[in-house]
Amino acid sequence: SARPHGAAGRAGPRPGAEDCRTQARPRPGPGGAPHGAPAVAFNLTVLSHLIGTPWQPDLAGRVLMVEDIDEYMYRLDRALWQVLSAPGMERIAGLRLGRCGEIPENDPDFVLTEEEMARERCAAAGVPYLGRADIGHDAGNKLVPMGG
1 SARPHGAAGR AGPRPGAEDC RTQARPRPGP GGAPHGAPAV AFNLTVLSHL IGTPWQPDLA
61 GRVLMVEDID EYMYRLDRAL WQVLSAPGME RIAGLRLGRC GEIPENDPDF VLTEEEMARE
121 RCAAAGVPYL GRADIGHDAG NKLVPMGG
């Protein structure tokens, strides 16, 4: 018999949904991020709009995972630079780049890939780049527990 979802049904993520906690807890490496650092995930454009406002989150000690969709590379570059340049961002445990899907063609060409851009911006800001994260603004959504 079918079980209802909701208060009387099962709790937790849907069957087959992957939990990204393991992605958020990188092993110590060249970036120096501590093992077990809690993670937070944001849409990069939305997070950049929170910088400098009363709603800017305190991300100190956290692994920041960002993703975006349908943005030109120069806009992703600007948003990441704004986020990583904000006061206090040097205290994050590191950055992981999620999927950046449906990037329109830049004219002229942006030259860097999204990962090259993230590596360069992290290096300039003194923030460890921890590699890619399997998160995105698409059908392959994953659960990222806030601070988990």
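Residues in the sequence shown are numbered consecutively from 1, following our numbering. Beta carbons: idealized from backbone N, C-alpha and C, even for Gly.
For residue i, the residue or residues it bridges with in DSSP
| i | result |
| --- | --- |
| Cys122 | Answer is none; Cys122 lacks a bridge partner. |
| Arg62 | Its beta-bridge partners do not exist; DSSP assigns none. |
| Asp68 | Cys100 |
| Leu95 | Leu64 and Tyr129 |
Whether residue i touches residue j by CB criterion (7 Å)
| i | j | result |
| --- | --- | --- |
| Glu102 | Asp70 | yes |
| Met65 | Ala124 | no |
| Asp121 | Trp81 | At residue 121 the sequence reads Arg, which differs from the Asp that was named. Yes, these two residues count as a Cβ contact at 7 Å. |
| Val63 | Ala93 | yes |
| Gly136 | Arg99 | yes |
| Asn43 | Asp77 | no |
| Leu47 | Val83 | yes |
| Ala86 | Ile51 | yes |
Cβ-Cβ separation, residue j to residue i (assumed contact under 8 Å), whole Å
| i | j | result |
| --- | --- | --- |
| Val127 | Leu95 | 6 Å |
| Met89 | Glu114 | Rounded, the Cβ-Cβ distance is 19 Å, inconsistent with contact. |
Outcome for residue i when other beta-carbon atoms lying within 10 angstroms are tallied against a minimum of 16
| i | result |
| --- | --- |
| Tyr129 | buried |
| Thr45 | buried |
| Ala39 | buried |
| Ala139 | exposed |
Simplified DSSP state of residue i, which is helix, strand or coil
| i | result |
| --- | --- |
| Ala133 | coil |
| Val46 | helix |
| Val40 | strand |
| Leu84 | helix |
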